[in-house]
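I have placed the structure first, in the form of C-alpha cells, so that the comments after it can refer back to it.
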Amino acid sequence: MSDVSERVEPCALASEFTAALARQQELAERREDIVTRLHDEVERLRRGEMETALDLVRHSLIRLHDQILRQAEHVTAPLGVEELRALLTALADEAADTVARTGVERYVPGPGEAFDMVLQRPVGRVAAEGPEADRTVARVVAAGFVQGERVVRKADVVVSRWEPDAP
Numbered sequence: 001m002s003d004v005s006e007r008v009e010p011c012a013l014a015s016e017f018t019a020a021l022a023r024q025q026e027l028a029e030r031r032e033d034i035v036t037r038l039h040d041e042v043e044r045l046r047r048g049e050m051e052t053a054l055d056l057v058r059h060s061l062i063r064l065h066d067q068i069l070r071q072a073e074h075v076t077a078p079l080g081v082e083e084l085r086a087l088l089t090a091l092a093d094e095a096a097d098t099v100a101r102t103g104v105e106r107y108v109p110g111p112g113e114a115f116d117m118v119l120q121r122p123v124g125r126v127a128a129e130g131p132e133a134d135r136t137v138a139r140v141v142a143a144g145f146v147q148g149e150r151v152v153r154k155a156d157v158v159v160s161r162w163e164p165d166a167p
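Counting in the working numbering, the sequence shown runs from 1 upward without gaps.
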C-alpha cells in the first residue's frame, strides 16, 4: 500500500506544479497585454501632443501667410525704402511671434553689451573706440533664439576689438 501512496504523491505534486505553471503563464500574458495597451496609449498621446504643437505652428504660419497677402493687397505703387523696411520688419516680427508661440524667444543683444560666446556668434570685427569697448557687441547681424536656458540659434554679431597703437 505504501507503494501506491508514494506514486500518488508525485502525481499530485506534478499536477499542482502544472496548475501553478499555468496560472503563472496566464499572469504573464495579462501583464504583457497591459504593457502593450499602455505602450499603445503612450504612443497615441505622443502623436496627439505632436499634432497639438504642430497645429499651433500651422495656425501661426497660416496667419503670417494671410498677413503677407493683406499687405500685398495694399501695395499700389512702388514702395519707398522706409516703407519697404517697415513692411519687412513687421513680417519678421510676425515670424518671431510665430516662433515664440512654440516657446522659443528672440534674443537681440544690445550694442555695447559684452560679447557672450554662449549666446552670440562673431561674424565680423571692428576696431573699438577705447579699451572699455573691447569685446563688446558693435552691431547685431541676425537675432538669436533661445528656449529657456537652451540656445536654439546664437545671435550673429560684429564684435568690437581694442588694439592699442603699436609703439
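Where is the CB? At the ideal position from N, CA and C, for every residue including glycine.
Let me know if proline 109 comes out buried or exposed under the rule of 16 or more other beta-carbons within 10 Å of its beta-carbon. buried
Under 8 Å between the Cβ atoms of valine 152 and valine 104? yes
Using three-state DSSP, classify threonine 36 as helix, strand or coil. helix
If you reduce the DSSP assignment to three classes, tell me which class leucine 105 lands in. Sequence inspection shows glutamate at residue 105; the leucine mentioned does not correspond to that position. DSSP places glutamate 105 in strand when its eight states are reduced to three.
Which whole runs of the beta strand (DSSP E) in the stretch 49-107 are 3 residues long or more, in chain order? 105-107
Proline 167 burial status per 10 Å Cβ neighbour count (16 or more: buried): Only weak support is given to the placement of proline 167: the predicted model assigns it a pLDDT of 44, under 50, and the value that follows is read from those uncertain coordinates. Proline 167 comes out exposed.
Measuring only the C-alpha atoms, how far is arginine 23 from serine 15? 12 Å
Where the beta strand (DSSP E) containing arginine 121 begins and where it ends: 120-127
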